[in-house]
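**Q**
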Amino acid sequence: MSDLVAARSQMAVSLVFHIIFAVIGIAMPVLMVIAERRWQRTRDPIYLDLAKRWARGTAILFAVGAVSGTVLSFELGLLWPQFMRLAGAVIGMPFSLEGFAFFTEAIFLGIYLYGWERVSPRAHLLAGVIVAVSGAASGIFVVIANAWMNTPTGVMVTNGAFTHIDPIAAMRTPAALPQTLHMTLAAYAATGIAVAGIHALLVLKGRASAFNRAALMIGLVVGAPAAVLQPLSGDIAARYLARRQPVKLAAMEALYQTRAGAPLTIGPPPGIKIPYALSLLAFHDPHAVVQGLDAVSPDERPNVGLVHLSFDVMVLLGTYLAVVGLWAGWLALRKRDLAAHRGFLRALAVATPLGFVCVEAGWMVTELGRQPWVIYGVLKTQDAVTPMPGLIVPFTAITLLYCALACVVAVVLYRQIIRSPVA
Amino acid sequence: MTPSLAVTLAGIILIGLTAYVLLGGADFGGGVWALLASGPRKQAQRELIARAIGPVWEANHVWLILSLVLLFTCFPLVFARVAIGLHVPLTLMLIGIVLRGSAFVFQSYGEGSAAGRVFATASLITPVLLGVCVAAAATGAVPVEPRGSFVAVYVRPWLTAFGLAVGVFALACFALLAAVYLTLETRDLPLQEDFRRRALVTEVVVVGVAVVGLFLLPAALSIHPRVVALTAVTAASAIWSLWRRHYALARVAAAGQVALIVVGWGAAQYPYILPPDLTIQAAAAPRVTLELAFTAVIAGAVVLFPSLFYLMRVFKAQSKNAMR
């Protein structure tokens, strides 16, 4: 394994874990606030129990996310010092704002968790709302920094150095809107559906308690609308890619030749081809010209096989989640009892892990699809890596450590939240 | 002369690091005492530590992220060079941070405390390596150009007697802070006595290691005698107030002592941000970035300080009554 591959793998492992902690950390406070609000209205102790469980879940994920986030902010320099040397002054701004949002979240999470008896009910609920808002804000700021790597704006590159730096223009990079929208919805969809799915499974196993029903419904309230909206934000992202990062789009769709009326390829190439569909999706015009991989030399193309596979996985599973979300909406409109519909419960239980798989696959698409660049069109990944040799050692250590951490989190989460109340 | 924007931001980063040392450091110190819990009140000691750390754990640790982010925004060159030259100790320090986080999660929410203790023990490398990294940076040991053998570039610069002394010193300081703070977290007199004794012993260790460190101090780094004298005075007042059981005063003295050490380090290497060659001015990002970062810090402070004050008031007011 070369040092470059080891560095990329270490970054990937760190992100693969962190993204799960972050996604749950963003969406779970929303569940917890909804449950607390219902408790304040109905005085049904089930909702208080749920709010407390989800608050503990948020706390666990937040503590672990704080740690894995610290690791990542160090790794930016430890693995990619040349990238940080160039880009630090440009994208430091969203990271700084993220730092403050994160700090706010930490403070109010402390108040929420330990302040049940110490602050007024209204102040307590407000603390929960602040946790939810600042959690979403910190996610958005980090994704903006990533968006800049896809469409670098606010700098001029002269002889490999950055001049005319404008950090505000960098934050308004064209990729920012499609990426933040897609990622924020993904967090709510994945977490909401996962929570609903777990409780659907418990209902199916014969534990149709009021507790499981309440948890299932709140999970759906957060997850289903996000899952239904996600394909729309995906469409915005795809149309942005067609104009700004055509190579990434070509890799996602395994389109080797530039052509008009491009078909959509599903499955490993040659795969199933749907005529005109790609032109239609990318430009909303069946005869539009879509740029293929042949537009750039082979050494500037990403790994098409992996990017295309990840994209197909994301779209396929994302569509499934959207269908489940629509089904939930349909049943709710017809005033049917969702927790009594076994077919729906089965579909929901199957969906439990799929949102997280989508999130991982989506990040594979955007990160692998940008290669060989770390800053698209400006700095290649191989030129950003640290000169330190033997990077396989930290990669192995971090991987083992994160596996242990994930086990800790899984065990603790199960004990603290999912396990039904004994009473 | 008013300090330039770059110097102001370097000062803010140093303040952030000081806050991390005073708050996050006490958390690592709490880990030390949870590990060394002994005597008839062993369990009560551990519970007190967990109760004191719980509400503020995350907030304490964000100081490190904040300082780091401001460092790579305002001084990207420093971050890049430190990340290359100190790759090995920084990675080990990160592993310690992950283990500390795991131990916290386990001890706060889990039941298997044996595994938690393993993690907590391993996480003690973090304060030591933090000290090692600071020592390497302060003495100008971080290589300017990564040329030479692996050992010459990535190991020898930081693996020095002075570096290790600073590492042990950092660990002792963190343990001191934790013990002193803990005396104020309980109304239970025997428990308070436990931590008073621990604080006194640790203060003696801190002073001892400091003397050794001053002997090993490389000529490249000169600490102003007035800073040394002032720190000695705060150490003496910490000992005196612990002895007389003036715990609130002891807290101020111990925190002041450790803060003086961090600020003294910053003053000792001024105007260099990374000796031997990078001054604060030379390493600074373009002015527009500094201005924006400064604005963000001010805006952040406007939101954060009232919030932090609220957090501390909600949770630490009660323990203040404990001493009365």
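As they're listed, the protein sequences go chains A and B.
Each residue of the first sequence is one higher than the one before, counting from 132 in the working numbering.
Each residue of the second sequence is one higher than the one before, counting from 509 in the working numbering.
Where a beta carbon is used, it is the ideal one built from N, C-alpha and C, also for glycine.
1) Taking 8 Å as the limit between beta carbons, can you name the residues of its chain near B/GLU711, skipping five residues before and five after?
2) Closest to B/ALA767 by C-alpha separation, out of B/ASP785, B/LEU738, B/ILE781, would be which residue?
3) State yes or no: is the C-beta of A/ILE349 within less than 8 Å of the C-beta of A/LEU162?
4) Within a Cβ cutoff of 7 Å, which residues of the same chain sit near A/ALA276, ignoring the five residues on either side of it in sequence?
5) Using a beta-carbon distance cut-off of less than 7 Å, what residues from the stretch 641–672 of chain B approach chain A?
6) Kindly indicate if chain A contains any beta-carbon less than 8 Å away from that of B/ALA591.
7) Taking A/VAL297 as the query, report the chain B residues whose CB atoms sit under 8 Å from its CB, ordered along the chain.
8) Which ranges does the alpha helix (DSSP H) cover as unbroken runs of at least 4 residues, wholly within the stretch 321–387 of chain A, from first to last along the chain?
9) Output the residue ranges of the alpha helix (DSSP H) runs that lie fully inside the stretch 184–270 of chain A and measure 4 residues or longer, sorted by chain position.
10) Rounded to the nearest angstrom, what separates B/CYS641 and A/TYR451 at their Cα positions?
11) Taking the beta strand (DSSP E) that A/ILE397 falls in, what are its first and last residues?
12) DSSP three-state call for A/THR294: helix, strand or coil?
13) Which residues does DSSP list as the beta-bridge partners of B/ILE781?
14) Could you check what DSSP says for B/TRP666 in three-state terms: helix, strand or coil?
15) Report yes or no: do three or more beta-carbon pairs, one from the stretch 598–606 of chain B and one from the stretch 723–731 of chain B, lie closer than 8 Å?
16) Answer with yes or no whether the minimum CB distance from B/ALA793 to chain A is below 8 Å.
17) Using a Cβ-Cβ cutoff of less than 8 Å, which residues in the same chain neighbour A/ASP366 once the five nearest sequence positions on both sides are dropped?
18) Are the stretch 151–170 of chain A and the stretch 316–325 of chain A in contact at 8 Å, needing three or more beta carbon pairs?
19) Report yes if the CB atom of B/ALA673 is closer than 8 Å to the CB atom of B/VAL720, and no otherwise.
20) Could you tell me whether any non-hydrogen atom of the ligand NAD is closer than 7 Å to the CB of A/CYS534?
21) Using a Cβ cut-off of 9 Å, which residues of the stretch 673–703 of chain B contact any Cβ in chain A, in chain order?
22) So what does DSSP say about A/ILE403, is it helix, strand or coil?
23) With contact counted as at least three CB pairs below 8 Å, one residue from each stretch, are the stretch 497–511 of chain A and the stretch 476–488 of chain A in contact?
24) Would you give the residue range spanned by the beta strand (DSSP E) that A/MET287 belongs to?
25) At 7 Å on the CB atoms, spell out the chain A contacts of B/GLY808, in chain order.
26) Near A/GLN213, which residues of its chain fall below 7 Å by C-beta distance, leaving aside the five closest residues on each side in sequence?
27) The beta strand (DSSP E) with A/VAL505 in it runs from where to where?
28) To the nearest angstrom, report how far apart B/LYS828 and B/PHE583 are at their CA atoms.
29) Could you compute how far the alpha carbon of B/SER616 sits from the alpha carbon of B/ASP696?
30) Within 8 Å, do at least three Cβ pairs link the stretch 289–297 of chain A to the stretch 420–429 of chain A?
31) Three-state secondary structure (DSSP) at B/ARG549?
32) With 8 Å as the threshold, decide whether the Cβ of B/VAL822 is near any Cβ in chain A.
33) Identify which residue in B/MET820, B/GLY675, B/ASP785 has its Cα closest to the Cα of B/VAL586.
34) Tell me, to the nearest whole angstrom, how far the beta carbon of B/ALA678 is from that of B/LEU638; I am working on the premise that it is less than 8 Å.
35) Provide the residue span of the alpha helix (DSSP H) that contains A/MET159, from first to last.
36) What's the call for A/ALA554, buried or exposed, on a 16-neighbour Cβ count within 10 Å?
**A** Let me spell this out:
1) Here the set comprises LEU684, ALA743, ALA746, ILE747, LEU750, ALA762.
2) If we check each option's Cα against that of B/ALA767, B/LEU738 comes out closest.
3) Yes, they are a contact pair.
4) If we look at A/ALA276 and ignore the five residues flanking it on each side, its Cβ neighbours are ILE222, PRO225, PHE226.
5) Flagged, chain order: PRO654, PHE658, TYR662.
6) At least one CB atom of chain A sits nearer than 8 Å to the CB of B/ALA591.
7) Sequence check: residue 297 of chain A is Asp here, not Val. Residues of chain B whose Cβ lies closer than 8 Å to the Cβ of A/ASP297 are, in chain order, VAL796.
8) For the stretch 321–387 of chain A, whole alpha helix (DSSP H) runs of length 4 or above, ordered along the chain, are 341–375, 377–383.
9) With a minimum length of 4 residues, the continuous alpha helix (DSSP H) runs that stay inside the stretch 184–270 of chain A are 212–245.
10) A direct Cα-Cα distance of roughly 50 Å separates B/CYS641 from A/TYR451.
11) Unbroken beta strand (DSSP E) run through A/ILE397: 395–397.
12) If DSSP states are grouped into helix, strand and coil, A/THR294 belongs with the strands.
13) Answer is none; B/ILE781 lacks a bridge partner.
14) In the structure shown, B/TRP666 falls within a coil segment according to DSSP collapsed to helix, strand and coil.
15) The stretch 598–606 of chain B vs the stretch 723–731 of chain B: no contact.
16) Residue-level contact check: B/ALA793 touches chain A, since one or more beta carbons of chain A fall below 8 Å from its beta carbon.
17) Result list for A/ASP366: LEU412, in chain order.
18) Of all C-beta pairs linking the stretch 151–170 of chain A to the stretch 316–325 of chain A, three or more are shorter than 8 Å, placing the two stretches in contact.
19) Against a cut-off of 8 Å, the Cβ pair of B/VAL720 and B/ALA673 comes out as a contact.
20) Annotation note on the ligand NAD: not contained in the displayed structure, which lists no ligands.
21) When CB distances to chain A are screened at a threshold of 9 Å, not a single residue of the stretch 673–703 of chain B falls below it.
22) DSSP places A/ILE403 in strand when its eight states are reduced to three.
23) Flag = no, the stretch 497–511 of chain A and the stretch 476–488 of chain A do not touch.
24) Taken as a continuous stretch (DSSP letters only), the beta strand (DSSP E) holding A/MET287 covers 287–289.
25) By Cβ distance, chain A contributes PHE231.
26) Answer for A/GLN213: ASP514, ALA515, listed in chain order.
27) Counting along the chain, the beta strand (DSSP E) containing A/VAL505 begins and ends at 504–506.
28) Interpretation of B/LYS828 is limited by its pLDDT of 48, a score under 50 that renders its predicted location unreliable; the figure taken from the coordinates is listed afterwards. Near 40 Å, if we compare the C-alpha coordinates of B/PHE583 and B/LYS828.
29) Straight-line spacing of the CA atoms in B/SER616 and B/ASP696 works out to 22 Å.
30) The stretch 420–429 of chain A, when compared against the stretch 289–297 of chain A, does not touch it at the 8 Å Cβ threshold.
31) DSSP places B/ARG549 outside both helix and strand once states are collapsed to three, so it counts as coil.
32) So, interface residue.
33) Answer by Cα proximity: B/ASP785.
34) Indeed, because the Cβ distance is near 6 Å, the residues count as touching under 8 Å.
35) Where A/MET159 is concerned, the enclosing alpha helix (DSSP H) stretches over 134–173.
36) Any reading at A/ALA554 needs caution, since the residue's pLDDT is 38, under 50, leaving its predicted position unreliable; the model's value is listed next. Exposed is the call here.
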